[in-house]
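Peer 1: Okay, so the sequence shown: first residue is 1 according to full-length UniProt numbering, each after it adds one.
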Amino acid sequence: MLEGKFRKGGRSKKLADAARHWAAGQVGNPRAGPDEVEEDLRAFGITVEPEANEDAAEDNAFGVWKENVKTVEFFLSVLTQWRVHGMTGAILGFEYPGIVAAMAMNGIRNQKRLFADLRIMESAAMEILNRER
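What follows is the structure, encoded as structure tokens:
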């Protein structure tokens with residue numbers, strides 16, 4: 001199996017694709033978590049069959065290369081660090097001091113590489129999140 005830049009698309013493209021996939025699920029639904037959706041449906045007396053939920057999850061599945069898993073997991077762990085423009089609601093990017101603190105608290109050794117990968121994902125997600133602005 002070829003690694004990194006030698007694979008079709010390369011690591012960077014796959015990281016960007018993962019971020020775009022996540023962001024596309026957020027557009028129009030800032031609380032896109034499945035638990036919250038089910039909770040909202042129950043509040044209106046609507047029940048969803050478990051099989052329907054499983055099919056929807058399978059349709060929305062996204063594969064992540066093994067070498068990208070830690071970066072994607074870290075990206076998902078720092079979603080509270082988005083900076084948002086107060087007047088327009090535009091996503092400005094991550095609050096980098098918070099990112100550095102999260103890396104330190106998690107004992108990340110190769111912070112330079114993770115930060116570079118995270119910036120690829122940040123940029124790709126912002127393309128989608130700010131598309132409607």
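Even for Gly, the Cβ is constructed at its ideal location relative to N, Cα and C. None of the values given here were measured: they were computed from a predicted structure.
I need the DSSP call for tryptophan 65, collapsed to helix, strand or coil.
Peer 2: What you label residue 65 is simply residue 65 of the sequence shown in a count that begins at 1. Coil at tryptophan 65, not helix or strand.
Peer 1: Give me the Cα-Cα distance between methionine 126 and phenylalanine 75, rounded to the nearest whole angstrom.
Peer 2: The residue labelled residue 126 in the question sits at position 126 within the sequence shown. The residue labelled residue 75 in the question sits at position 75 within the sequence shown. One C-alpha to the other measures close to 13 Å.
Peer 1: Pull up the CB-CB distance for isoleucine 120 and serine 12, whole angstroms please, since I reckon it's below 8 Å.
Peer 2: In the sequence shown, residue 120 corresponds to position 120, counting from 1. In the sequence shown, residue 12 corresponds to position 12, counting from 1. Isoleucine 120 to serine 12, Cβ: 5 Å. Contact.
Peer 1: Closest to leucine 92 by CA distance: which of Trp65, Ala61, Asn130 and Arg20 is it?
Peer 2: Locating residue 92 in the sequence shown gives position 92, where the first residue counts as 1. Considering only alpha carbons, the answer is Asn130.
Peer 1: Taking only the alpha-carbon atoms, compute the straight-line gap between isoleucine 128 and arginine 109 and give it to the nearest angstrom.
Peer 2: Numbered from its first residue, the sequence shown carries residue 128 at position 128. Numbered from its first residue, the sequence shown carries residue 109 at position 109. Those two C-alpha atoms are separated by around 30 Å.
Peer 1: Confirm, please, whether the CB-CB distance from arginine 20 to alanine 124 is below 7 Å.
Peer 2: The count along the sequence shown starts at 1 and reaches residue 124 at position 124. The count along the sequence shown starts at 1 and reaches residue 20 at position 20. Yes, the pair counts as a contact, with Cβ atoms nearer than the cut-off.
Peer 1: Thinking just about the alpha-carbon of each residue, which of Met105, Glu73, Glu95 and Thr88 is nearest to the one in glutamine 81?
Peer 2: Reading the sequence shown from its first residue, position 81 is the one you call residue 81. The shortest Cα separation from glutamine 81 among Met105, Glu73, Glu95 and Thr88 belongs to Glu95.
Peer 1: Please go through the same chain and pick out, in chain order, the residues whose beta-carbon is closer than 7 Å to the beta-carbon of alanine 23, but skip the five residues on each side of it.
Peer 2: Here the question's residue 23 lines up with position 23 in the sequence shown. Around alanine 23: Ala125, Ile128 and Leu129.
Peer 1: Taking all protein chains shown into account, decide if lysine 14 is buried (16 or more other Cβ within 10 angstroms of its Cβ) or exposed.
Peer 2: Within the sequence shown, numbered from 1, the residue matching residue 14 stands at position 14. With 16 or more Cβ atoms within 10 Å of its Cβ, lysine 14 is classed as buried.
Peer 1: Beta-carbon within less than 6 Å of alanine 69's beta-carbon, same chain only, minus the 5 sequence neighbours each way: which residues are those?
Peer 2: Reading the sequence shown from its first residue, position 69 is the one you call residue 69. Residue identity differs from the one stated: residue 69 is valine in this sequence, not alanine. Excluding positions up to five away in sequence, the list is empty.
Peer 1: Roughly how many angstroms separate the alpha carbons of alanine 18 and proline 97, rounded to a whole number?
Peer 2: Within the sequence shown, residue 18 is the residue found at index 18, counting from 1. Within the sequence shown, residue 97 is the residue found at index 97, counting from 1. Roughly 23 Å separates the two Cα atoms.
Peer 1: Report the residue from Leu114, Val78 and Gly25 whose alpha carbon sits nearest the alpha carbon of alanine 61.
Peer 2: Translated into positions along the sequence shown, residue 61 becomes position 61. Among Leu114, Val78 and Gly25, the Cα nearest to that of alanine 61 is on Gly25.
Peer 1: Which residues does DSSP pair with glycine 93 in a beta bridge?
Peer 2: Taking the sequence shown and counting its residues from 1, one reaches residue 93 at position 93. Arg83.
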